[in-house]
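The sequence shown stops at residue 157 when you use the working numbering, and every number in between is there.
We put the CB at the ideal spot given by N, CA and C, even for glycine.
The structure under discussion appears below in the form of structure tokens.
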Amino acid sequence: MAYNTIQTELQGLFERSWDSFRMLVLELPAENLLPLVTRLKNDLGFNLFLDVTAVDYPAREPRFDVVYHFYSVSHNKRVRLKVPVSEAEPTVPTLTGLYGSANFMEREVHEMYGIKFAGNPDLRPILLYEGFVGHPLRKDYPIDQEQPLVDYRK
């Protein structure tokens, strides 16, 4: 399967596309994420959800890109999705209904960047402790900020 076949199959669900190091990159609005990923998985064979992360561009609006990586074992192809989200409403739909492994990765992105995954059943902290203030991977996070102490001797 060629990348132009994937683009044709997903036409109308993304706003722009380009090739980056032999990987197809699609930029799309958050409301098209679930329909596009459903087609990627069910119709085009992208059965492996590799990663979700975010990129913070503090001087840009929308401030964040939520970045997803998928792999098709049968076609040996990779696809990257970029979903721009604003700082005022940093929310994208969860992919846990399609890929169970998305749960922990979405929790990490939520914790580190403050991006919400609507419909995720469990956005509890996974790396930081309860009561940690802020989102440490945001570029405006104050590195000298003191955090509440946690008593581990309980």
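- If only uninterrupted beta strand (DSSP E) runs of at least 3 residues are considered, those enclosed by the stretch 39 to 125 are 51 to 59, 67 to 75, 80 to 88, 94 to 96, 119 to 121.
- Taking the Cα of Gly117 as reference, the smallest distance to any Cα among Leu101, Val95, Ser104 is reached at Val95.
- By the C-beta density criterion, Lys80 is buried, having at least 16 other C-beta atoms within 10 angstroms.
- Assigned with DSSP and collapsed to three states, Glu30 falls in strand.
- Taking C-beta separations shorter than 6 Å and ignoring five residues to either side along the sequence, the partners of Lys142 in its chain run Asp59, Pro61, following chain order.
- About 10 Å separates the beta carbons of Phe17 and Leu36, which is beyond the 8 Å limit, so they are not a contact pair.
- By the C-beta density criterion, Thr8 is exposed, having fewer than 16 other C-beta atoms within 10 angstroms.
- Fewer than three pairs of CB atoms, one per stretch, sit closer than 8 Å, so the stretch 102 to 110 makes no contact with the stretch 82 to 90.
- For Asp22, the pairing in a beta bridge is given by DSSP as Leu27.
- Residue burial is scored here from C-beta neighbours: Thr11 has fewer than 16 other C-beta atoms within 10 angstroms and is therefore classed as exposed.
- Excluding its 5 nearest sequence neighbours in each direction, Leu51 has C-beta neighbours in its own chain below 7 Å: Phe73, Tyr74, Val76, listed in chain order.
- Taking the Cα positions, Pro32 is about 43 Å away from Tyr155.
- Going by DSSP, Asn7 is part of the alpha helix (DSSP H) stretching over 6 to 12.
- Take the alpha-carbon of Val70 and the one of Pro145: they are about 24 Å apart.
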